[in-house]
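This report concerns only the one structure given below.
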Amino acid sequence: SLEPISDVVLNGEVAIQTGDFLDTGRSPDSTVDRDAWAFDIGATYDGLSEAIDVLPGLSLRAGYIYRSGQDAVSTTDDLSSTANENRAWDPMYEDQSHGMIANYIFDGMNDGVDSNGRTFTIGASAEPLEDLTVSVDYYFYRLDKKYASDNTAGQLRTLNDLTYNVTDNKDLGNELDVVLDYAYTEDVNMGLACGWFFPGDAFNNKGSSGYPDNNETATQIIASVAVAF
7 SLEPISDVVL NGEVAIQTGD FLDTGRSPDS TVDRDAWAFD IGATYDGLSE AIDVLPGLSL
67 RAGYIYRSGQ DAVSTTDDLS STANENRAWD PMYEDQSHGM IANYIFDGMN DGVDSNGRTF
127 TIGASAEPLE DLTVSVDYYF YRLDKKYASD NTAGQLRTLN DLTYNVTDNK DLGNELDVVL
187 DYAYTEDVNM GLACGWFFPG DAFNNKGSSG YPDNNETATQ IIASVAVAF
């Protein structure tokens, strides 16, 4: 990271994954080359409160997160056919969260967001009242590679064993997160975290046998109390 001018911080990170990947989707099981990469870029500005005398502690941020993905079944890079590479980023041991709901739904390799994803994010935080911090973050998710081949519907099965009907569209969805943190005393903090995930055109709203429609908004609300001893 670097601070080119006062109160502006720029950050960036690039990573690659190489080695061998055991493809158990083939018969017999075979090993292909791992060739995946990822990068993050972002910026934070903390000087707005002083510049125009608005909300105290106001901080603005924006970023772009990329995680490489693997092409869908029936394309030339299909892992289940004759491809010799796996380009999907493996989110092993990840400790980042780009949306409290999306981070849970899309938790596996090539699912989207932290693997096979392009995420645009903007956010802000401020201290409108003494001891109260409010953070708002918006995420726009697109797939790096489609879930399904052109004009073919498919299904996404995550590591949580959840199945979603999907289409060949890269529009994965949007999420809005709002987090309140109140320092009640020096030893007690109260929190309220709210998130809304809005499915994009990648989700099929027609459902299929045994699976309901899956293009409805997902909502999560978590209240917490932390006590330091």
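Sequential numbering of the sequence shown, starting at 7, is according to the working numbering. Don't be surprised by glycine CBs; every beta carbon is placed ideally from N, CA and C. All values reported here derive from a predicted model rather than from experimental measurement.
With distances taken Cα to Cα, identify the nearest neighbour of Thr-4 among Phe-204, Asn-116, His-104 and Asp-77. There is simply no residue 4 to check, as the chain begins at 7 and stops at 235 in what is shown.
In the DSSP output, which residue or residues are listed as bridge partners for Ile-22? Trp-43
Is the stretch 173-180 touching the stretch 141-148, taking contact as three or more C-beta pairs under 8 Å? yes
Taking 8 Å as the cut-off, decide whether the C-beta atoms of Asp-46 and Gly-69 are in contact. yes
List the DSSP bridge partners of Gly-75. Looking at the DSSP assignment, Gly-75 forms no beta bridge with any residue, so it has no partner.
Count the other CB atoms, across all protein chains shown, that sit within 10 Å of the CB of Leu-28; report buried if there are 16 or more and exposed otherwise. exposed
7 Å Cβ shell around Ala-208 - same chain, five flanking residues per side excluded: Leu-149, Tyr-153, Val-172, Thr-173, Asn-175, Lys-176, Asp-177 and Leu-178
With a floor of 4 residues, list each alpha helix (DSSP H) that falls wholly inside the stretch 88-141, ordered by position along the chain. 108-111
Secondary structure of Glu-9, DSSP reduced to three states: strand
Just tell me which of Arg-93, Leu-16 and Leu-61 has its CA closest to the CA of Glu-136. Leu-61
Just to confirm the assignment, what range does the beta strand (DSSP E) spanning Glu-181 have? 177-189
Indicate the three-state DSSP secondary structure (helix, strand or coil) for Thr-61 in the structure shown. A small fix is needed here, since residue 61 is Leu in this sequence, not Thr. Residue state, collapsed to three classes: coil.
Span of the beta strand (DSSP E) around Asn-232: Position check: residue 232 holds Ala in this sequence, whereas Asn was assumed. Taken as a continuous stretch (DSSP letters only), the beta strand (DSSP E) holding Ala-232 covers 224-233.
Euclidean distance between Cα positions of Asn-166 and Thr-139: A caution first: Asn-166 carries a pLDDT of 49, below 50, which makes its placement in the model too unreliable to give a value.
State yes or no: is the C-beta of Phe-112 within less than 8 Å of the C-beta of Asp-120? yes
Report yes if the CB atom of Asn-50 is closer than 8 Å to the CB atom of Ser-74, and no otherwise. Contrary to the premise, residue 50 reads as Thr rather than Asn in this sequence. For Thr-50 and Ser-74, no; Cβs fall outside 8 Å.
Assuming contact is defined by CB atoms lying nearer than 8 Å, are Gly-118 and Glu-181 in contact in what I supplied? no
Test item: CB-CB of Asn-92 and Gln-76 under 8 Å: yes
Are the beta-carbon atoms belonging to Gly-63 and Ala-108 less than 8 Å from one another? no
Who pairs with Gly-201 in a beta bridge, going by DSSP? Asp-183 and Gln-226
Is the beta carbon of Tyr-144 closer than 8 Å to that of Gly-129? yes
Would you call Met-98 buried or exposed, if buried means 16 or more other Cβ atoms sit within 10 Å of its Cβ? exposed
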